[in-house]
Structures are given as structure tokens and as C-alpha cells.
Amino acid sequence: MSLLKKKTAEELKAEAERQASLQRQAEARKRAAEEQKERERIAQERRDFEMSPAGRARAAFARKDHVFQYSMDVMNQQAVIIMMVGGTTTQSTTDPVDVLNSVCREGWDLVNGSFVFVEQGKESRDKFMSSGQNVAIKGRTVGYYLFKRFPANRRP
3 MSLLKKKTAE ELKAEAERQA SLQRQAEARK RAAEEQKERE RIAQERRDFE
53 MSPAGRARAA FARKDHVFQY SMDVMNQQAV IIMMVGGTTT QSTTDPVDVL
103 NSVCREGWDL VNGSFVFVEQ GKESRDKFMS SGQNVAIKGR TVGYYLFKRF
153 PANRRP
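Take the sequence shown: its position 4, counted from the start at 1, is 6 in our numbering, and no numbers get skipped.
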């Protein structure tokens, strides 16, 4: 009695059909997973846009608001105290032009912009070998922008 038996033509055909069916099912699952991933990516992009300044401006325009205000950090300043040398600050800035243009393209016209320095703290140390103190201030500059509804600026 032989343990390995040669398969008949019908068995070979059935095996090939089963393998092809399994491969089609695997490909269908892979396509479905890719489509789901793409839907999730699109939904995330939509949520990101809705939270962006332009997205918020679009929502305000759709609500028929007459004004839209937006604020953003335009500069961040960190306090740095160096022993025996003094105090200084490091700063990073952000250019708001792209944000302002994106809001205007949603049907708004910039009316006013103002800036406020928001102090978040300060560090001080006594001066080395003299009287007084070195002080470095930490904070951020916030830009406040006011827009009025201007449908002629709206881009499709």
C-alpha cells in the first residue's frame, strides 16, 4: 500500500480551483483593506482641514457669519540664563502670510491685525561680581486678526 498516491485529473483541477479561489479572496481582502485605509486617510485630511484656520473660516462663511477672528502665535521667546555671563533669550517666529491668504480665499477680507506679548515667566540670576540681576523674559507674541465677510474673495 502506497502512502503517496498520485492525484487524478479531477483532484488536480479541484485543487487548482481552490488555490485560485483562496488567492482571489486574499486579493479582495487586500483591496478592501487598502480602500478602508484610503477612506480613513481622506476622513483624517477632512478633519485636519476643518480644524485649520481656512477650515474654520469656511465653516464661519457657511454659517453666514459677518466677522471671523483668528489668533496665532507669531513668535515664541525662551529665557536663557548663562551663569557668570548674563541673561538672553532665544526666539522662533512664524510667518502668518500663508494662513492669512488661506482665510481670505474662503471669502474673507482682513480688516485689522494686532499683536500682544503674553509673558509666561522670567528667570533671573544675581550678576557675577557686581550688584543687580540678569533677567530673561519668557513669552510669546500672539497675532489677532479680524476679517469681515467678503464673498468676492471666495475661491471654489
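C-beta atoms are modelled at their ideal positions from N, C-alpha and C, and glycine is treated no differently.
Evaluate G109 with the Cβ neighbour count: other Cβ atoms within 10 Å of its Cβ, from every protein chain shown; 16 or more gives buried, anything less gives exposed. For the purposes of this step, residue 109 is taken as residue 107 along the sequence shown, with counting starting at 1. Sixteen is the threshold: when 16 or more other Cβ atoms of the shown chains lie within 10 Å of the Cβ of G109, as they do, the residue is buried.
Please name the residue in N155, I44, A16, T143 whose C-alpha comes closest to that of Q80. Residue numbering aside, residue 80 sits at position 78 when the sequence shown is read from its first letter. Comparing Cα positions, the closest option is T143.
V101 beta carbon less than 8 Å from that of F149: For the purposes of this step, residue 149 is identified with residue 147 of the sequence shown, where counting begins at 1. For the purposes of this step, residue 101 is identified with residue 99 of the sequence shown, where counting begins at 1. Contact: no.
Residues of its chain near A62, where Cβ-Cβ distance is below 7 Å and the 5 sequence neighbours each way are ignored: For the purposes of this step, residue 62 is identified with residue 60 of the sequence shown, where counting begins at 1. The residues F70, in chain order, have a CB closer than 7 Å to that of A62 in the same chain once the five nearest residues on each side in sequence are set aside.
Enumerate, from N- to C-terminal direction, the unbroken alpha helix (DSSP H) stretches of 4 or more residues contained entirely within the stretch 23-108. Annotation note: the stretch 23-108 contains the following uninterrupted alpha helix (DSSP H) runs of length 4 or greater, listed N- to C-terminal: 55-64, 99-106.
Beta carbon of P55, beta carbon of S104: below 8 Å? Locating residue 55 in the sequence shown gives position 53, counting from the first residue. Locating residue 104 in the sequence shown gives position 102, counting from the first residue. It is a contact, given that the beta carbons lie within the stated cut-off.
Neighbourhood of F117 by C-beta, 6 Å cutoff - its chain only, sequence neighbours within 5 removed: Taking the sequence shown and counting its residues from 1, one reaches residue 117 at position 115. Counting only Cβ-Cβ distances below 6 Å, and skipping sequence neighbours, we find T143, G145.
Sorted by chain position, which residues of the same chain lie with C-beta nearer than 6 Å to R156's C-beta, five sequence neighbours on each side aside? Within the sequence shown, the letter at position 154 stands for residue 156. Around R156: G109.
Tell me the DSSP secondary structure of N155 in three-state form. Against the sequence shown, residue 155 aligns to sequence position 153. Looking at N155 - three-state DSSP - the assignment turns out to be helix.
In this structure, how does DSSP classify L148 when only helix, strand and coil are distinguished? Mapped onto the sequence shown, residue 148 falls at position 146. Reduced to three states, the DSSP call for L148 is strand.
G115 to D75, Cα distance in whole Å? Residue 115 sits at position 113 when you count from the first residue of the sequence shown. Residue 75 sits at position 73 when you count from the first residue of the sequence shown. Using only the alpha carbons, I get a separation of about 13 Å.
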